[in-house]
Amino acid sequence: MLKQIEGSRAVAEAVALCRPEVICAYPISPQTHIVEALGEMVKSKRLSPCEYINVESEFAAMSVSIGASAAGARAYTATASQGLLFMTEAVYNASGLGLPIVMTVANRAIGAPINIWNDHSDSLSQRDSGWMQLFAENNQEAVDLHIQAFRLAEELSMPIMVCMDGYILTHAFERVDIPAQEQVDAYLPLFEPRQVLDPSEPISIGAMVGPEAFMEVKYLAHAKQMQAIERIPQLAAEFRNTFGRDSGGLIRTYCTEDAETMIIAMGSVLGTIKDTVDEMRNEGHRIGVLSIISYRPFPLEQVKSALLHCKRFLVLEKSLAVGMGGIVATDVRMAVTGAGLKGYTAVAGLGGRPIFKSQLHQLFRQAERDELPPVTFLDLDWEAVNKQLAREKQTRRSGPVAENILHDKGIVSAKFG
Amino acid sequence: MGFQPIKFYQTGTYTVGNRLLSPDQRSVQAGESRSNSINSGHRACQGCGEALGARYAIDAAMAESHGQLIAVNATGCLEVFSTPYPESSWQVPWIHSVFGNAPAVATGIAAAMKVKGKTEVRVVAQGGDGGTTDIGFGCLSGMFERNDDVLYICYDNEAYMNTGVQRSSATPPSARTATTMPVGPEPGNAFGQGKNMPEIAMAHGIPYVSTATVADLRDLEYKVRRAMKMHGARYIHIFVPCPLGWGTASNDTIRIARLAKESGLFPVFEAEHGEVTSVLKIRRKVQVEEYLMPQKRFAHLFGTRPHPEMVARIQDIADRNIRKYGLLDKEAA
Chain A
2 MLKQIEGSRA
12 VAEAVALCRP
22 EVICAYPISP
32 QTHIVEALGE
42 MVKSKRLSPC
52 EYINVESEFA
62 AMSVSIGASA
72 AGARAYTATA
82 SQGLLFMTEA
92 VYNASGLGLP
102 IVMTVANRAI
112 GAPINIWNDH
122 SDSLSQRDSG
132 WMQLFAENNQ
142 EAVDLHIQAF
152 RLAEELSMPI
162 MVCMDGYILT
172 HAFERVDIPA
182 QEQVDAYLPL
192 FEPRQVLDPS
202 EPISIGAMVG
212 PEAFMEVKYL
222 AHAKQMQAIE
232 RIPQLAAEFR
242 NTFGRDSGGL
252 IRTYCTEDAE
262 TMIIAMGSVL
272 GTIKDTVDEM
282 RNEGHRIGVL
292 SIISYRPFPL
302 EQVKSALLHC
312 KRFLVLEKSL
322 AVGMGGIVAT
332 DVRMAVTGAG
342 LKGYTAVAGL
352 GGRPIFKSQL
362 HQLFRQAERD
372 ELPPVTFLDL
382 DWEAVNKQLA
392 REKQTRRSGP
402 VAENILHDKG
412 IVSAKFG
Chain Z
-12 MGFQPIKFYQ
-2 TGTYTVGNRL
8 LSPDQRSVQA
18 GESRSNSINS
28 GHRACQGCGE
38 ALGARYAIDA
48 AMAESHGQLI
58 AVNATGCLEV
68 FSTPYPESSW
78 QVPWIHSVFG
88 NAPAVATGIA
98 AAMKVKGKTE
108 VRVVAQGGDG
118 GTTDIGFGCL
128 SGMFERNDDV
138 LYICYDNEAY
148 MNTGVQRSSA
158 TPPSARTATT
168 MPVGPEPGNA
178 FGQGKNMPEI
188 AMAHGIPYVS
198 TATVADLRDL
208 EYKVRRAMKM
218 HGARYIHIFV
228 PCPLGWGTAS
238 NDTIRIARLA
248 KESGLFPVFE
258 AEHGEVTSVL
268 KIRRKVQVEE
278 YLMPQKRFAH
288 LFGTRPHPEM
298 VARIQDIADR
308 NIRKYGLLDK
318 EAA
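If you want it as C-alpha cells, here you go:
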C-alpha cells in the first residue's frame, strides 16, 4: 500500500511485517523513531506475539538479541553511531556464534566531537565484524532491504545490518509502498534455527575454541558471506517476482554505457549524484554511476565488471580511514587491481556536511580532467584548518580543536545552502 | 523409639548424603535422579569452590524446573574449565556470549521462551564476582530493574581468578591480589571500597535475594529451589573459596567457607522484595583471625611484621555484619 510516511516509520512497518519475536530498544538518535513505532505496535498488540524489551544500553540490546536468537526467536534491534560502538563486543559475538539477528543502523557520525548527523563511520567501523551490511539508497529500498535481510540472515545463519542514512532517510517523509502481510509471509518463511537452546536437546553454544579449530570457524564466516554474494541477487530477483519492484542486489549501475568516468557511492547521496550525472549527461559528459548496496560481502567481481570499460573512477564516500584515506575506495581499488584505471577518492559529508550538486559538478569535472589528487576532502574549509595548524605551532596550550574551529567560523548555521 | 532430631553439624562435615533422612528430606545431590548438570571430567582446580557451588546450584535448579532449564554463563573460570569444545561438561542447554552480558543474554532467552509460550522453560544466568559486580553490573542492574524472569547466580571467589587473581570490586580489604600487592604501609586491597552486591540487588526490590556458601550445601540447594519456585528477577550470591587465588589448601575449601560465615564476614540470609526475611545464625562464633590465618592472601597481616590494626578493622566489619543482620542468637552472643 502506498503511504506518505516517515522513513523510520516505514522501516518499523516493514520490520513488523517480518514478524520479529523479540525487539530490543535503546534510544539513540537517529534510530529512535523506528523502535518507538515498533514499541507502540507491540503494546497495542498489533504486532503479536512479540516481546519488546527496553534495555539499559546498546550492549544489552545486542546481548538480549543474542539470547533471543540463540533460543530460536527472530530478533531485531536498531542503533547508530556511539550505540553501535558501545555494543561492538556483542556485535562480533553475534556473528561469531552465527546468530541471524537483523539490525537497522541509522548511519551517524562517531565522536569526538559528538555529532548526531549522518555519515557512514559507524557501520563501516564494523566492516570486519562478520556482519553483512546492506545500504539503502532511499526509504523504499530501506523497507525492502529489511524484508530481504531477514530472509538472507536466517538462510545463512548470519547477522545483517541494514544501513540507512540518519535523518536524510530516517526522518524524511517520502512515498513508500508498504507491502501486504501475505506478500511478506510468502517471501519470508518461519525462522528455523540451525542451533537452538532447547532442554530436550541440550547443546553448548559459545564455548572456548583453541588454535586447532579457530581458523576454520572464522573461514566459515567468510564462506557464508561468499555464499551471500550468490544469494543476494537471487533473493532480489525473487523479491521482484513477489513484490513487483527492483530492490536490493549487490550493486546497481546507472548510465554506464560508454561512461569514461564512473562515480561510486553508497546510500542516499546517490540521489544527488544521479541528478548531477543526468545534468552532465545532457551536456554530453560520458559519466555513469555505480551504487554499492552490499558493502559486506563486498562484490569484488561485480564491481570489477561494472568498471571494466571506464577510464577512471571516483569513490565518493561518507567515511574516512584516518591516516590513509578512503575506506570504500580501498575495496574498489582491490576490485580493479591490475585493470589500469585511474582512481580517486572524495571524502564527503562527514558529520552531516551537506553535499550539493554544485559541488559535485565541479568535483566530477575535475575527475574527468584527471585533475584530482588521490584523496580529496569535499568542501573542506582549508582556512579554518590552516589557522588551527598555525595555532598549534604557535602555542603548546592551544586548547580543544573543535572549539577553536567553531570559534574561528563564527555562527555557521546560515552558511549552508 | 522417640523422635530424634538429626543435627547435621554433629557429624562435623554437614554431610549432604544423609541416608538417615527420609527420601523426601534428602538433598537433590543425594538423589539418584540428580541431573549431573556439570558432569565430571571438567578442568577445575582441586578443591574449587565454584565448581562445587555451580554443580549443586544447577542440579537444584534442574530438579525444581523438572529438567526444563537453560543456563547462561559469563566469561570466567566456570566457563573456561567446563567447556572447551568438544568436551563440554554441561548436560543442560548452555550458552556463553561475552564477559559482561550474561544477564542480558538470559533476558533474551526468557523473552524467547515467553513469546513461544514455553513458560515451563526456566533461565539461569551465572558469573563470577568480576562478571557480576564489575563488568556485568550494568546488564545485571538492567535485568533486575525490568524484573525479567531470570535467576542470576554469582559465584563469589573475591577476585578475577581466571586471569590470574586480580582485584575485583568483591575483593575484601587487605587481601593480596596480583593488583593489590602486600607492600607499602597498607598492604593488600584498600579498606572502604568494594560493592555489597546482595544489598544492591535488594535495593532493586526484586522478588528474591539470598546468599549461601559451599559450607552449607543443603542451604544452598534450598535457596536455589526456593528461588526457582518464584518468577521475576532473582539473585543468589554464593561464597566459593578459591584454593589457587586465596592460597588455601584444596581440602580446606568447605572449612574456609564455614569460617567466613561463622566469623560474620559473610552473612548468609534471604530477602524478599528488598527486606531480609531470614538469616542463618552463627553456630559457633569465631574471631576473624581464624578465617584469615589459613589464607596466604592475608599472610601479610600476621607473621614477623604483623598488622593487628588491619585485623581489627576486619573484625569491625564482621561485628557490624553480626549486628546488622542479627547473626547471633541472644544466648549465643
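Residue numbers (this note's numbering), protein chains in the order written: chain A, 2 to 418; chain Z, -12 to 320. Where a beta carbon is used, it is the ideal one built from N, C-alpha and C, also for glycine.
Verify the CB distance criterion: does residue i have a CB-CB separation below 8 Å to chain A?
i	result
V59(Z)	yes
N88(Z)	yes
T(-2)(Z)	Its pLDDT being 47, under 50, T(-2)(Z) is placed unreliably in this model, and the coordinates cannot settle the point.
G151(Z)	no
Y1(Z)	Because Y1(Z) carries a pLDDT of 47, less than 50, the predicted location of this residue cannot be relied on, and the following value inherits that uncertainty. Cβ-Cβ to chain A under 8 Å: no for Y1(Z).
L138(Z)	no
T94(Z)	yes
K182(Z)	no
M100(Z)	yes
A41(Z)	no
A91(Z)	yes
Determine, using beta carbons only, whether residue i comes closer than 8 Å to chain Z.
i	result
E94(A)	Going by the sequence as given, residue 94(A) is Asn instead of Glu. It does: the Cβ of N94(A) has a partner Cβ on chain Z nearer than 8 Å.
P234(A)	no
F60(A)	yes
E22(A)	yes
C19(A)	no
V290(A)	no
S64(A)	yes
V103(A)	no
E155(A)	no
I67(A)	yes
E90(A)	yes
Just tell me which of the options has its CA closest to the CA of residue i.
i	options	result
R109(A)	C164(A), Y77(A), E142(A)	C164(A)
Y278(Z)	P293(Z), E262(Z), L252(Z), H287(Z)	L252(Z)
I241(Z)	M217(Z), R212(Z), L207(Z)	L207(Z)
C256(A)	Q196(A), D276(A), R241(A)	D276(A)
A38(A)	P50(A), L18(A), E14(A), P28(A)	E14(A)
I230(A)	E213(A), A214(A), L251(A), F378(A)	L251(A)
R13(Z)	Q180(Z), A47(Z), G36(Z)	A47(Z)
V56(A)	E132(Z), R163(Z), D303(Z)	E132(Z)
A349(A)	H310(A), D382(A), L308(A), K394(A)	D382(A)
A98(Z)	A62(A), T331(A), V290(A), T171(A)	A62(A)
E145(Z)	P160(Z), Y139(Z), D135(Z), A50(Z)	P160(Z)
H147(A)	R20(A), G344(A), G324(A), V329(A)	R20(A)
Only counting the same chain, and skipping five residues up and downstream in sequence, which positions put a Cβ closer than 6 Å to that of residue i?
i	result
A324(Z)	No answer is possible for residue 324(Z): the residues shown for chain Z start at -12 and end at 320.
E404(A)	none
A320(Z)	In this prediction, A320(Z) has a pLDDT of 47, which is less than 50 and means its spatial position is unreliable; nothing more can be read from the coordinates.
P114(A)	A403
A76(A)	V23, S66, A69, S70, I102
P375(A)	none
A82(Z)	A quick correction: the sequence has Ile, not Ala, at residue 82(Z). For I82(Z), where only same-chain residues beyond five positions count, the Cβ hits under 6 Å are V59.
If you measure between the beta carbons of residue i and residue j, is that distance less than 8 Å?
i	j	result
A188(Z)	V137(Z)	no
N60(Z)	A91(A)	no
P185(Z)	V201(Z)	no
F136(A)	Y296(A)	yes
W233(Z)	Q282(Z)	yes
L288(Z)	Y43(Z)	no
L308(A)	L361(A)	no
Would you check whether the ligand ADP has a heavy atom nearer than 7 Å to the C-beta of residue i?
i	result
G95(Z)	Absence of the ligand ADP is noted for the structure shown, with no ligands found whatsoever.
Could you name the residues of the same chain whose beta carbon sits closer than 8 Å to that of residue i, not counting the 5 residues immediately before and after it, in chain order?
i	result
T(-2)(Z)	Per-residue confidence for T(-2)(Z) stands at a pLDDT of 47, beneath the threshold of 50, marking its modelled position as unreliable; no derived number is given.
R232(A)	L153, E156, L157
T167(Z)	R154, T158, G175, N176, A177
With a threshold of 7 Å on Cβ separation, who are the neighbours of residue i within its own chain once the five nearest residues in sequence on each side are excluded?
i	result
G313(Z)	V266
T0(Z)	Bear in mind that a pLDDT of 47 at T0(Z), under 50, signals an unreliable position, so the model cannot answer this.
S82(A)	I29, R109, A110, I111, D123
D1(A)	The question about residue 1(A) has no answer, for chain A in this structure spans 2 to 418.
Run through chain C and tell me which residues come within less than 7 Å of residue i, C-beta to C-beta.
i	result
S158(A)	No chain C is part of this structure, whose protein chains are labelled A and Z.
Check your understanding: Taking any Cβ of chain Z, which residues in the segment 210 to 226 of chain A have a Cβ under 9 Å from it, in chain order?
Key -> V210, G211, A214
Give, in chain order, every residue of the segment 178 to 208 of chain A whose Cβ lies closer than 7 Å to some Cβ of chain Z. L198, D199, P200, P203, I204, S205, I206, G207, A208
Mind listing which residues of the segment 62 to 83 of chain Z have their C-beta closer than 7 Å to chain A's C-betas, in chain order?
V67, T70, P71, Y72, S75, W77, Q78, V79, P80, W81, I82, H83
*Taking a Cβ distance cut-off of 8 Å, strictly less, list which residues of the segment 110 to 132 of chain Z are near chain A, in chain order.*
G125, C126, S128, G129, E132
Could you please tell me which residues of the segment 198 to 219 of chain Z, in chain order, have their CB closer than 8 Å to any CB of chain A?
none
Going along the chain, which residues of the segment 13 to 25 of chain Z sit with their C-beta nearer than 7 Å to a C-beta in chain A? none
Item to check | Near-chain Z residues of the segment 43 to 57 of chain A - C-beta to any C-beta below 8 Å | outcome: P50, C51, E52, I54, N55, V56, E57
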